[in-house]
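One structure is given here, and the rest of the page talks about it.
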Amino acid sequence: MVINIFLILLCLGAATIWYQGIRFQKFIVSAIILLLSIILFYFNQGLQSGVFSQYSYGWLTSKYYPVSLDFFTTKESYHLIIPLLFAVILCNFFSISNQIERQKVSVSALSVFSVAALIMLICGQNTIQLLVSVCFIDVLGFCVINNINARRQYIFYNLLADLALFMAFAILWGNCRINSLVNLTECHHSYNNVAEWLIVLSAWIKSGLFPFQGYFVRTAILNDSRQNILSFLSTPLAGFLLIYKVKSLIPDDFIGIEILKYAAQASLVWGIIGGIFINRLADRKIYMNMTFYGLIYNVLFYSQTLSREIVALFLIHIILSNLIRATRRYATGIFIVTFLVVGAVVNAALSLNNPIVPLYLVAVMVTLSGCLFVLYSSDQEENHWINLFLAMGISLMFLYGIKTVPTSFYLWMGGYVLLNLLQPYKLLTKIYANQNIQQADGFSKIFYILFVSPVEFLGRILWLTIDFLIIERTLLSWLAKITGILSQLFGYLHKPTYKNALIFTLIGIGIILYSSWQGK
Amino acid sequence: MEITSHILLILMLVPFFGFLFVLMSQEDKQKKIYNGVAVAEFAVCCNILLLGKLLTEIDLSQNGLQFLSSYNWLEQPHIKISFGIDIFSLMIALAIHLMLVIGLPFAKNSQHPKLLISLSLLMISLLTGFLISADIFSFYIFFTAMLFPLFVLIGTVGEIRKSSWMFRFFIYNFLGSIILFLVVCTLYQYHPQTEGILLEQVAKLRLPRIYEYWIWGGIFAALLSRIPIWPFHYWIASITGAIQNPLAFLLVNLIPLTGVYGLVRFCPKTVPESVSYMLTVLEIIAAISMLFIAMIGLINKDNRYKLFSFMTVYYIIFLLGALLPTNRILLNIGYSIFAFLIIITVLEVLADYIREEQQRNNLNFYGILCYSPRIALLYSFFTLAAVGFPLSALFINNFVILSYLFRYNFNLGLVIMIAIIVSSASLLKELYLLKDNRYVHSDSVCISDISRSVFIGLSSIGVLLLISFFNPLLGIGG
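These protein sequence lines map, in sequence, to chains A and B. Per my numbering, residue -3 is the first one in the first sequence, and the count goes up by one each step. Per my numbering, residue 10 is the first one in the second sequence, and the count goes up by one each step.
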């Protein structure tokens, strides 16, 4: 089942990515949405009918390192893939109305490819499959970003994360000779600890958790269509799924996980602070995403399973974060689609016999109605209804996470909602309105000072001392002087004088005598 | 059967005849030696077909050289030379030929196209001879002989302006050859075998301790003279950084590969116990060199130097992988080198095009790719493939090599990873400087993009690489 979906998505992406025309873009994207909806329906039917299967493709048939690509259709894979299909439909739907995006079809194809790569990650049963899918997602993310500055930061961060993951899995494979995730739990080696640290670091960077949010924040410069793919179907989600997949390999008391928990909580805080103080709407959306990822990491760590709440939260978050940027012109359409999607999610959840879902449905409907009301009737500045939207979004997160998130989160979120609604920070707002503060990129600077500069400094010192001072100025000049002295000496000896002739003759006789003595 | 027994000799002779043909042909100024390029392409493609035939016939389950053939060279002293090939040398030979196929069309832009093409063919002929040599005599002959076209290439086509650099480079490489010559003489003196001493037998020879020191020390010194090993990297770095022609650059950068290949061929994993400490010293020097060159590559602003440092880092990784006490990853190293050389070739060809356009239009180097979507796309793709994203066979094969390196020496693996990160960052930094639109103004002149045919040609190489990712063992297995 999953393999069929995977192949269909690959074909769909391959067939549409080449389209560069301007005409019929909306039509083609709509067709893609329709096809994705059919796939979703078909896939959901599979879940309802209990169709489970196991498909493995022997990718590398080497006797030393056999690698298979696994596409197991299990209950877990259904639960993870269905929301992804929802998400890609939503992202494409919002892309149709995007006026700025000129290459809607290509972007849509990239989103489809991203989902295929995420499916590969979700179904991965071995480290190589995880590594390959994560790297593919990065390359697709790289293609999605069409701004040079955002792309630069993205690729440097992710290169670091990928090489960390590469190294972690190379250590595990080198020491244990196992790449199966199930069997790796039985392998205990002194260097496994290093591998665990590297995996945590990789997921940390990929998900853009504090303090690695730099590349994530930079994507604010992209238009909505591309930003949606990057936020919901690309690297940050891959980082989260990576940790989810390898969690069984990492001991519960591992300090790296503890640190990651703190990083996730710090992301929550930082996201909230950014959401409050950053004026630009696109930046706020990114900070909201950061809050979201901080939250779901915590939900995962505290609940130990990927609960349906997270899945629902994921979809709701996509909708809300897009709503806050939607113009009034499309509000009705967006509202209707949101209503339908939320209904579908709830239905899907209901079919899984989750009793709490009807309550969520009510909450969602009330919130969305409130949003729509504000959107149409409010005469306030744009900033206020945006704040309201953010507050609504966060409260929804709060509502969904209530079962699993500890009390400390309630305080943060409650605080955030209150701050947004009451706005007691006028003075701070003025300070933060300062252009320099708004544009400050402290973390990039810290990153540069701490990591890049020392390497560059060391390289320059080495070049100066070894290449220039020792080799060029000392060794070579010494050689040149020696050569000069020798050439002077030989030049002197070659002068046509009797003394020189005598010296040469003596040397010749000496060589003859030595050779004959050796010969005896 | 007859053809198969002489196929290795034919492999060497085909480019040699091509060299003679191009050398004797008339230079047509208007057509820009079109014939020479065609002959060279034909000769190289013939060899690729022959290598393809060998690829289908080679037995992977068999260790050691295959298709062995011997020829009497001298009667007194009686010296026989032998040729043989295994999958490792076959993959390298194939990659070098493909490298030439990609690079040859760009030879037309050189100041001396005829000389460049003819010397490239001679170099390929000698390199093929080096790769298929099975005994110490043929190994030494080709090891030294390839210096001749190399020096002429550097001196004429490479347009090296500083004679002191040439001098140093020559002395350094020539010293290596002399040391190897003395080693070969010593070996012959102690084992004047009628069938000649095969390379793999050297490690098994029983010699007095002092001779073991001399022979193995000499072998290491001679072969390391070809690799930019710290602190002597400067001899090679200064030359490669200054060469003006892409094909000459690529051919000169094959020299370190010959050093790596030589060390692999002598099988130092079975060196006598008395000299095994030399391997440890070699590993340490290699690790230092790697880090050092990667860091200098990062701070150096010259595009060629960055590529050189990147190549050196990877050559040393391949060397360290090959020195591990296992034969299992030799195939992976071969596959990896195959993809690596192709990626580097395309990157150098593109970089050279950019440099030429920059000089012709007197433009700023930064942001030069902003209005050239075709080059930008290709340059990005090949850079990403080079730095380790899953876009070529390099990805999975490097994974296997590194996993073995981590297994045998964790600290060494760590140093290698740091060097990889630094050299990859250096390449990426270069890419983004080329694409940085902050330096581009709307009224500034921009370079002309590559032609559609070149774009299609280079894209098809990209597709080939992508296929090699999905089939990293290149359909042969391992």
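Even glycine gets a Cβ: it sits at the ideal position worked out from N, Cα and C.
Asked	Found
Hey, Tyr15/A and Ser102/A: beta-carbon distance below 8 angstroms or not?	yes
Let me check one thing: in DSSP terms, what residues is Val63/A bridge-paired to?	Leu56/A
Below 8 angstroms between beta carbons: does that hold for Gly112/B and Leu350/B?	no
Starting from the C-beta of Glu366/B, find all residues in its chain whose C-beta is less than 6 angstroms away, skip the five residues before and the five after it, and write them out in chain order.	Ile456
Quick one: is Pro481/B near chain A, going by C-beta distance under 8 angstroms?	yes
May I have the straight-line CA-CA distance separating Cys131/A from His106/B, to the nearest angstrom?	30 angstroms
Within 8 angstroms, do at least three Cβ pairs link the stretch 116 to 123 of chain A to the stretch 54 to 61 of chain A?	no
Please confirm whether Gly17/A has its beta-carbon closer than 8 angstroms to some beta-carbon of chain B.	no
Is DSSP giving Trp513/A helix, strand or coil here?	helix
At 8 angstroms on the CB atoms, spell out the chain A contacts of Ala6/B, in chain order.	What is shown of chain B runs 10 to 487, which leaves residue 6/B out entirely.
When the cut-off is 8 angstroms and only beta carbons count, does Tyr181/B lie next to chain A?	no
When the Cα atoms are used, what is the spatial distance from Leu474/B to Leu393/B?	12 angstroms
In chain order, which continuous runs of the alpha helix (DSSP H) of length 4 or greater are located wholly inside the stretch 394 to 464 of chain B?	402 to 417, 419 to 443
Just to confirm before moving on: does the CB-CB distance between Leu43/A and Ile28/A stay below 8 angstroms?	no
Which chain B residues sit within Cβ distance under 8 angstroms of Cys87/A?	None at all; the shortest Cβ gap to chain B is about 24 angstroms.
Going by DSSP, which residues form a beta bridge with Tyr388/B?	Beta-bridge pairing links Tyr388/B to no other residue.
Does DSSP put Tyr51/A in a helix, in a strand, or in coil?	strand
When you compare the CB of Arg461/B with every CB in chain A, is at least one pair closer than 8 angstroms?	no
How big is the Cα-Cα spacing for Ala395/B and Ile352/B?	6 angstroms
Going straight from the alpha carbon of Tyr323/B to that of Gly397/B, what length do you get?	11 angstroms
Excluding five sequence neighbours on each side, which residues of the same chain lie with their C-beta closer than 7 angstroms to the C-beta of Thr165/B?	His121, Leu124
Can you pull out the residues from the stretch 116 to 132 of chain A whose beta carbon lies closer than 8 angstroms to at least one beta carbon of chain B?	Ile124, Leu127, Val128, Cys131, Phe132
From Phe89/A to Leu333/B, what does the alpha carbon distance come to, in whole angstroms?	54 angstroms
Considering only DSSP beta bridges, list what Asn81/B is partnered with.	Lys89/B
Taking the straight line between their C-alpha atoms, what separation do you get for Tyr496/B and Ser283/B?	No statement about residue 496/B is possible, as the shown extent of chain B runs from 10 to 487 and does not include it.
For my contact list, Leu328/B and Phe115/B are in at a C-beta cut-off of 8 angstroms; report their separation, rounded to the angstrom.	The pair is not a contact, with the Cβ atoms about 29 angstroms apart (cut-off 8 angstroms).
Look at the alpha carbon of Glu66/B and the alpha carbon of Leu207/B, and state the distance between them as a whole number of angstroms.	23 angstroms
Would you kindly work out how many angstroms separate the C-alpha atoms of Leu189/B and Gly422/B, rounded to a whole number?	31 angstroms
Would you report the Cα separation of Pro492/A and Gln484/A, rounded to the nearest angstrom?	15 angstroms
May I have the straight-line CA-CA distance separating Met520/A from Lys71/A, to the nearest angstrom?	Absent from the model: residue 520/A. The displayed extent of chain A is -3 to 516, so no value can be given.
In chain order, what are the residue ranges of uninterrupted alpha helix (DSSP H) at least 4 long that sit wholly in the stretch 93 to 145 of chain A?	100 to 119, 123 to 140
For Leu3/A, count neighbouring Cβ atoms within 10 angstroms of its own Cβ and tell me buried if that reaches 16, exposed if not.	exposed
Rounded to a whole number of angstroms, what is the C-alpha to C-alpha distance between Leu467/B and Thr267/B?	26 angstroms
Give me the subset of the stretch 171 to 194 of chain A whose CB atoms are less than 7 angstroms from a CB atom of chain B, sorted by chain position.	Asn171, Tyr187
Return the bridge partner residues of Thr69/A from the DSSP annotation.	Ser49/A
Under a Cβ-count criterion, where at least 16 other Cβ atoms within 10 Å of its own Cβ denotes burial, should Gln50/A be classed as buried or exposed?	exposed
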